[in-house]
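Written out below as structure tokens is the structure these notes cover.
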Amino acid sequence: NAGVTQTPKFQVLKTGQSMTLQCAQDMNHNSMYWYRQDPGMGLRLIYYSASEGTTDKGEVPNGYNVSRLNKREFSLRLESAAPSQTSVYFCASNPGEPGEQYFGPGTRLTVT
Amino acid sequence: GIQVEQSPPDLILQEGANSTLRCNFSDSVNNLQWFHQNPWGQLINLFYIPSGTKQNGRLSATTVATERYSLLYISSSQTTDSGVYFCAVGNSNSGYALNFGKGTSLLVTP
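Line order of the protein sequences matches chains L and A.
In this text, residue positions in the first sequence follow our numbering: the first is 118, and each later residue adds one.
In this text, residue positions in the second sequence follow our numbering: the first is 212, and each later residue adds one.
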């Protein structure tokens, strides 16, 4: 039981490049989330998926797209990376009802 | 979203001391969690505690949902307790997504 996994762990991009961050969970959870954490701050919600086939914007969605590929997988895409997107990205899941949310190990992204 | 305020922002303790961290939030919640972020950036679940009191070893937490606050108690602190402690809350309005406070940065010295 791996919980929530994320790939890659580290990534360096040049401004304007694109990439997709991958996330998968093996807990049969309905809801999945993408957050970003900037230095000295708490996590902020980018997008979430309350169930397979649905996605909704969070607090900071600009510059990102998401895909809920199936119940297990939720990907985050940066179409044209900007230095302001330098951050640590966390994926999370929970059952989709009041309950404990579990986080992946994070992806550290640097955009130069 | 729900506003979350944590205090104190920074805390330095000598090993063996006790401490209380506070979390205030601005709306009714169904989810409340405390996390420890270690120096490697990993988020460790400490408590899922939307109401009531829980204990796990030297750590305990209490949430008074009607008054919109939660407390995390650390007793007999150890150097391995160092890191940032986050409180995060959520409700059904945004699919139980969590709203995080800015954290309490704890340093435990030998």
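We treat Cβ as the ideally placed atom computed from N, Cα and C, and that holds for glycine.
{"Query": "In terms of DSSP beta bridges, what is alanine 272 (chain A) paired with?", "Result": "A:Lys265 and A:Leu283"}
{"Query": "Kindly confirm or deny that the segment 127 to 134 of chain L and the segment 195 to 203 of chain L touch, where touching means at least three C-beta pairs closer than 8 angstroms.", "Result": "yes"}
{"Query": "To the nearest angstrom, report how far apart isoleucine 260 (chain A) and arginine 189 (chain L) are at their CA atoms.", "Result": "26 angstroms"}
{"Query": "Which of the three DSSP states, helix, strand or coil, is assigned to glutamine 253 (chain A)?", "Result": "coil"}
{"Query": "In chain order, what residues of the segment 301 to 314 of chain A put their CB closer than 9 angstroms to some CB of chain L?", "Result": "Gly301, Asn302, Ser303, Ser305, Gly306, Tyr307, Ala308, Leu309, Asn310, Phe311, Gly312, Lys313 and Gly314"}
{"Query": "Where DSSP assigns a beta bridge to aspartate 221 (chain A), which residues make up the other side?", "Result": "A:Ser316"}
{"Query": "Find out if the Cβ-Cβ distance for the pair valine 319 (chain A), asparagine 242 (chain A) is shorter than 8 angstroms.", "Result": "no"}
{"Query": "Using a beta-carbon distance cut-off of less than 7 angstroms, what residues from the segment 242 to 260 of chain A approach chain L?", "Result": "Asn242, Gln244, Gly252, Gln253, Leu254, Asn256 and Tyr259"}
{"Query": "Quick test of the definition: if touching needs 3 or more C-beta pairs under 8 angstroms, does the segment 264 to 276 of chain A touch the segment 172 to 192 of chain L?", "Result": "no"}
{"Query": "Would you mind working out which of L:Lys174, L:Asp155, L:Met149 and L:Leu160 sits nearest leucine 186 (chain L), comparing C-alpha positions?", "Result": "L:Met149"}
{"Query": "With a threshold of 16 other CB atoms inside 10 Å of the CB of serine 305 (chain A), please say whether the residue is buried or exposed.", "Result": "buried"}
{"Query": "Mind pulling the chain L residues with CB within less than 8 angstroms of glycine 294 (chain A)?", "Result": "The premise fails here: glycine 294 (chain A) is roughly 14 angstroms from chain L at the closest Cβ pair, so nothing lies under 8 angstroms."}
{"Query": "Would you report the Cα separation of isoleucine 285 (chain A) and glutamine 217 (chain A), rounded to the nearest angstrom?", "Result": "15 angstroms"}
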